[in-house]
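Enquirer:
2 protein chains.
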Amino acid sequence: MFRLLTTISLFLLSSLLYAQHPVGFYSKADLEYVKANLTGNALLQQSLASIKKETDPWLDKPVDVPMPKDAAGGYSHEKHKANYLLLFNSGILYSITGKQAYADLIARVLLQYAKLNPGLKNHPQATSTSPGRIFWQALNDANWLVYTSMAYDMAFNGIKKSDRDLITQGAFKPEVDFITQDLKPWFNLIHNHAVWATAAVGMVGIATDNDQYIKLALKGSSGNGSSGFYALMGQLFSPDGYYTEGPYYTRYALLPFMIFANALENKFPEQHLFQYRNAILEKAVNTALQHTNLDGMFFPMNDAIKDKDYTTSEMLMALNVATKAYGVKPAYLFVAKKQGKVLLGKGGVQLAKAMADPKAIPDWFPYTSIENTDGPTGKQGGLDILRLGKGQDQSSLIFKYTSHGLSHGHFDKLNLNLFDGGKEILQDYGSARFVGVEQKYGGRYLPENGKYAVQTIAHNTLVVDETSHFKGEEKIAENFAPVKRFSSLDQPNLLVASAMDTNATAGVRMDRSVYFLQMPNGQKLLIDLLKASSSSQHQYDLPFHYLGQFIHASFPYQSSKNSMTTLGKKNGYQYLWKEAEANVANTMVQFSFMNGKTFYSLSSMIHDSAKLFFARSGANDPDFNLRHDPVFVIRKNASNQTFVNVLEIHGQYDPVMETSSGGNASVQQIGLLQDNQEMTVANIMVNGQALLICESRNDLSKISQHQFEISGKKMEWVGPYALFYNGRKL
Amino acid sequence: MFRLLTTISLFLLSSLLYAQHPVGFYSKADLEYVKANLTGNALLQQSLASIKKETDPWLDKPVDVPMPKDAAGGYSHEKHKANYLLLFNSGILYSITGKQAYADLIARVLLQYAKLNPGLKNHPQATSTSPGRIFWQALNDANWLVYTSMAYDMAFNGIKKSDRDLITQGAFKPEVDFITQDLKPWFNLIHNHAVWATAAVGMVGIATDNDQYIKLALKGSSGNGSSGFYALMGQLFSPDGYYTEGPYYTRYALLPFMIFANALENKFPEQHLFQYRNAILEKAVNTALQHTNLDGMFFPMNDAIKDKDYTTSEMLMALNVATKAYGVKPAYLFVAKKQGKVLLGKGGVQLAKAMADPKAIPDWFPYTSIENTDGPTGKQGGLDILRLGKGQDQSSLIFKYTSHGLSHGHFDKLNLNLFDGGKEILQDYGSARFVGVEQKYGGRYLPENGKYAVQTIAHNTLVVDETSHFKGEEKIAENFAPVKRFSSLDQPNLLVASAMDTNATAGVRMDRSVYFLQMPNGQKLLIDLLKASSSSQHQYDLPFHYLGQFIHASFPYQSSKNSMTTLGKKNGYQYLWKEAEANVANTMVQFSFMNGKTFYSLSSMIHDSAKLFFARSGANDPDFNLRHDPVFVIRKNASNQTFVNVLEIHGQYDPVMETSSGGNASVQQIGLLQDNQEMTVANIMVNGQALLICESRNDLSKISQHQFEISGKKMEWVGPYALFYNGRKL
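Sequences listed follow chains A and B, in order.
First residue of the first sequence? That's 388 in my numbering, and the numbers climb one at a time after it.
First residue of the second sequence? That's 388 in my numbering, and the numbers climb one at a time after it.
#1: Say whether chain A places a C-beta atom closer than 7 Å to the C-beta of Glu825 of chain B.
#2: Cβ of Lys965 of chain A within 6 Å of any heavy atom in the ligand ATP?
#3: Within a Cβ cutoff of 6 Å, which residues of the same chain sit near Gln1092 of chain A, ignoring the five residues on either side of it in sequence?
#4: Per DSSP, Tyr927 of chain A is paired with what?
#5: In whole angstroms, what is the alpha-carbon distance linking Lys1116 of chain B and Leu801 of chain B?
#6: Quick check on the DSSP output: the alpha helix (DSSP H) that includes Trp583 of chain B runs from which residue to which?
#7: Taking the beta strand (DSSP E) that Gln568 of chain A belongs to, which residues open and close that run?
#8: For Thr595 of chain B, decide whether its Cβ has a neighbour in chain A, counting only Cβ atoms nearer than 7 Å.
#9: Taking the C-alpha atoms as reference points, what is the distance between Ile577 of chain B and Gly1005 of chain B?
#10: According to DSSP, is His464 of chain B part of a helix, a strand, or is it coil?
#11: Counting only the same chain and skipping the five closest in sequence on each side, list residues whose C-beta sits under 6 Å from that of Trp523 of chain B.
#12: Beta-carbon within less than 7 Å of Ile593 of chain B's beta-carbon, same chain only, minus the 5 sequence neighbours each way: which residues are those?
#13: If contact means a Cβ-Cβ distance below 8 Å, which residues of the segment 953-972 of chain B contact chain A?
#14: With Gln433 of chain B as the anchor, note down where its alpha helix (DSSP H) starts and where it stops.
#15: Give, in chain order, every residue of the segment 1038-1053 of chain B whose Cβ lies closer than 8 Å to some Cβ of chain A.
#16: Is it buried or exposed, Gly778 of chain B, if we count other Cβ atoms within 10 angstroms and call 16 or more buried?
#17: Return the chain-ordered list of same chain residues with a C-beta closer than 8 Å to the C-beta of Phe685 of chain A, the five sequence neighbours on each side being excluded.
#18: Provide the residue span of the alpha helix (DSSP H) that contains Ile646 of chain B, from first to last.
#19: Of all the beta strand (DSSP E) runs that stay within the bounds of the segment 933-975 of chain A, which reach a length of 3 or more residues?
#20: Could you tell me the distance, in whole angstroms, from the CA atom of Asn1085 of chain B to the CA atom of Val901 of chain B?
#21: Counting only beta-carbon atoms, is Asp694 of chain A nearer than 7 Å to chain B?
#22: Please determine if the segment 725-736 of chain A and the segment 660-676 of chain A are in contact, where contact requires at least 3 C-beta pairs separated by less than 8 Å.
#23: Just mark Ile1090 of chain B as buried or exposed, buried being the case when its beta carbon has 16 or more other beta carbons within 10 Å.
#24: Below 9 Å between beta carbons is the criterion; list the residues of the segment 808-824 of chain B that meet it against any residue of chain A, in chain order.
#25: Could you tell me if Trp964 of chain A is buried or exposed, where buried requires 16 or more neighbouring beta carbons within 10 angstroms of its beta carbon?
#26: Using the beta-carbon count (16 or more within 10 Å), is Asn470 of chain A buried or exposed?
#27: Would you call the segment 918-937 of chain B in contact with the segment 850-860 of chain B, where contact means no fewer than 3 C-beta pairs closer than 8 Å?
#28: Looking at the secondary structure, which residues open and close the alpha helix (DSSP H) in which Asn504 of chain B lies?
#29: Taking the continuous beta strand (DSSP E) assigned at Gly1058 of chain A, which residues delimit it?
#30: Could you run through the segment 456-477 of chain A and flag, in chain order, every residue whose CB is less than 7 Å away from some CB of chain B?
#31: For Gln407 of chain A, count the other beta carbons within 10 Å of its own beta carbon; 16 or more makes it buried, fewer makes it exposed. Which is it?
#32: What is the rounded straight-line gap between the Cα of Thr555 of chain B and the Cα of Ala501 of chain B?
#33: Looking only at its chain, what residues have a beta carbon closer than 7 Å to the beta carbon of Gly621 of chain A, apart from the 5 residues adjacent to it on each side?
#34: Determine, for Ile938 of chain A, whether the minimum Cβ-Cβ distance to residues of chain B falls below 7 Å.
#35: Does Phe1000 of chain A come within less than 7 Å of chain B when only Cβ atoms are used?
#36: Cβ atoms of Leu773 of chain A and Leu882 of chain A: under 7 Å apart, would you say?
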């Protein structure tokens, strides 16, 4: 830490000597590169024409800078947001064209803010502990500072000194003071908000040659580096680049990470910011891109809105900087093509030049199966993405055994989500929020987010005694993470992951293993072994939030006819309507649904007796904030219980041709041949053949030898698990 | 009629003289044209390669002709279906390439059917009054005959005489006898099934040179033309080409209409079949295409499955024949491009040649506002499609005042449906059926179709005393149709339609007028005036089946929290969960929802008191056959009641940029200034300006002069209605 601080002090010193602009978004060299390569590239010309078209009409028109009044979605909110984007684009155009009118526009608008900002009190719609001034929350004020300071820096040489002073003192200083002093605890958080806050303050520092701001941004208020930008780069990512809040917020945090890193690189190139922590920002970008579905949507873990994909403005910016820092990569080209435009920075130009050769762009994003650790040292659990198949037919299973994920985390230890060919099949509800829709609680998180969407029952993992993991208390949840047992991501047709948790519910150990495999005949099976162990009796609920049309259930059930009640009264259960229930015993139950043109069947072993429920979200929802999505729940009362479930992807339906094939499941029987402290052996009959899953309980060594005898035939293997199909090891 | 019969006899005579093949799908001239134009056209080569790829693997492989056993979706059903398509393609390939192997394949498979068919009894899964033999319903047997007879005709010259005789006697005759004798009443229906049945028998007649079959097909069993193909062409369409069962079944019926007409044209060119009844088949094709939404989906009136669009195989065939008969048209080219392939008939080749010039294909389908009459003489009501705006932003309002529409009709007099920019906004449920999915009741219509989907409450029209129109009895419904009052489709920014019904509910007259307008500021409004008149007190329910996310309601309501009951007990009401209800009086209520990126607000005048309900389908649905879709219901108890509703399309939401604008409705107040036997005058305050809707009650003359005075200002107009905005006539 001492060396880091010394280094920072040294490069702050150097900054005084070489104060010159632009240096925030563009370095002088970047700008020369961009200008030299603009002509002759259609995509660059389109991107340039597009921002000109948006910007030019304002060159000779007054820009409204309204008194802050509305929540997100309302006029004043949207106007201030539009203003900072306008100024940023105007800065780019000034840099590229040198046309004074663009600098004048920036000066004119920022002078209006210089009059407005000093008098602002907390926003009238502010409700959070980090209220904003221009906007309802300080986060948006930080967004404003990041963009306007870049605009100011780009136009620096086109704004006269007296105006620059007015802007620095009037537009920027009150906001920086507000963030660093009034909101000091917020500014010093380890959280995506703080990434924005530190980037905002640091970018203003760079734009206005204020070293004090830069220092605050890098080292935090204490000055000792326990908070600030370096601490955020050090603590929010695991060593392999997993962002602890999950992919939805990675996307959001990457922008300030990348853009501030870029500005720091421009100003202090000798510091090699982009190589910091083994190039953690490169890992962060690559991991974020891997955490998307075939359609580019970020996997909706934790608080997430499901229509965010990698074409957002944040990812456009991140890709631009990543390309400048780490070079052109096929994955980046694929994403840039989907984005359909490039940012007119150095990296954007590099991308556009490379994309001029269509053969350089791969047909599919180079997705792979990946295992991420979580936590700054990689010791707070992890996340496995198991990818089966290729191209359009790829299926992705997400197995989540991460830490809580800060304030946007959900109570979902050992959760599963399944995507198949671009479709969400076993869903995470995501978050209950209509961001940007003023009529929906000002675009903020809705009450149903905390009361339903974050609760365990809203996920595909075990709920004990109708109580969420860690009793739904974030402060407790933040202290624990599950532990990985074993995994294997190398065999393309057999992907395996297993983890254990002993903290989510006091006195209950949960072990969950997933075997995601493609059978010799091409069929895909997800085998899910979930073992709950306790010395006392509990109610174990295992929900499957399937998405699709109910097709068939193999068991009789009683459905709600003229009246219907909720599945429970608390911890999210009160948001589920109980549409049907069944009592079953000592059998295999099978439930099939259809999504798009594919059938999915869940086959579940029922040992002793169990209750089954078909439920649907939407109860106790007076403002109609929830979606009405179905869930299938398996309920067991037991102390020790092993759930064996097989989800099968099968068949094909052609609604235009009115034909279907393979609509019946091929799993015929599920049994446990052994299930004790030594080993669990499950036997699954598929298409008349036995599929054996053998898994050690405690000896997880990769070199231990095991054996199991069935019908006089001895199966032998090395390591914590093995699968045998028709007697042959897979 | 006498002349018609004479004509038929004459051309049957001629057929004996010139029996030659091919003559069913191809005429000899067609085939020469196709062969001469195949090379050098990429689309044709692709289409050829595509069917070769499907067909060639079977040339040296046994084809299974299984014993009929399964319902739709099951193996034997799908196999027989695949077989007839295989033979048809093989026939095309034989015709084009002359390769004997294709004819051999056809002969080989048809000889298998020649062994199978004579022994067949009714299909084990048959449930309807028209059971099939190869399939569960006779309709599918007719499909089989249409395709296999074309295949046989194409391969005629490549099959040896002895085999031809075996096939004629064994494969075709038992099926033709079954359809024309065992199912005689069905064969003689006026219904889409009979179109298939007559085409099947007629096409076999043409393929096997059997004039008796052709005669039966054309004139029906009686021989007097009261049934059969001419009667179907004469009675199923209105003079302007509206098909009485609605667009979903037009699509289905068009194939046998067009393909049999094509064969008749080939065999008897002097009869000018394509010009019959003022070229009714051309009108039918063009009307069918106009009855689609921007995405090509057929409007889901009556029994309809919502994923049928104009790319289905039926429309591919219809377009091919229509082009041959009526020439290449821009609309056909647009559809052919969406279909992405062409049939290798004469019309298909004409289309492919024209499409080689991309400029010939319009950017958008040339949709227009249209008014169709219903019934053979156009006197059984009608249907208006009001189209506002252009290109991607086009909105389409469907106002249905047709006759019942035979056995697939719904009880939905004066129903409205709204589409906006490719999205369904006010929906018709369509039908409850998963066609082709064996697990769902063998792919047949589900019980919930008759009990919910056809009922009045499942539509956007008035339900009196919780009872469906005509008490839900088809036999009664078929005797009546509403009467058009007035309409105007000429002004692109103000589209008007009005109709009246006095039969759907005894003792209640319903008048409904829709004014669909684009305001000077670009905003779109749908003004819906529905007047119920009776001498006695009734419960009037007006449902709006909106599709979208609930955003805001201007009125307080009580929502179902921990338990929920159905909206009612009968006539479809038992399928709706009552999610919330409200009591309101003397006010305007406003309800907003969002669909895609657009807001929609329904503003409703409440005179005296009313109850409002938010409900959702899915109650009493033990097999989970229904979708869970929302509906907003306005309930009034009254004898005379005028409902004034305004649906406004407004605002924009950008989920990626997280911004929204224009999210609040602009309708501020709705009142009735006059509402009596002479005139109804509604006053709608929009954006602070008065929009007056003036409508005559009984004097609907286009030349009558009317006036209305407000605040001392006199409004004057000619005709049954007028709109004034801010004092200015629209």
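Glycine included, C-beta positions come from ideal geometry on N, C-alpha and C.
Expert: In short:
#1: yes
#2: Only the bare structure without any ligand can be found here, which leaves the ligand ATP out of the picture.
#3: Val1105
#4: A:Val851, A:Lys1023
#5: 27 Å
#6: 579-595
#7: Neither: Gln568 of chain A is in no beta strand (DSSP E) and is coded neither H nor E.
#8: no
#9: 35 Å
#10: helix
#11: Ala458, His510, Gln512, Ala513
#12: Val410, Gly411, Asp540, Ile601, Ala650, Lys654
#13: Thr953, Lys956, Gln961, Trp964, Glu966, Ala967
#14: 429-442
#15: Tyr1040, Asp1041, Pro1042, Val1043, Met1044, Glu1045, Thr1046, Ser1047, Ser1048, Gly1050, Asn1051
#16: exposed
#17: Pro634, Tyr635, Thr637, Arg638, Ala675, His678, Thr679, Ala691, Lys695, Asp696, Tyr697
#18: 634-654
#19: 936-940, 950-952
#20: 17 Å
#21: yes
#22: no
#23: exposed
#24: Phe821, Val822, Gly823, Val824
#25: buried
#26: buried
#27: yes
#28: Segment: none, Asn504 of chain B is in no alpha helix (DSSP H) and carries neither H nor E.
#29: 1054-1062
#30: Gly460, Glu465, Lys468
#31: exposed
#32: 8 Å
#33: Arg664, Pro763
#34: yes
#35: no
#36: yes
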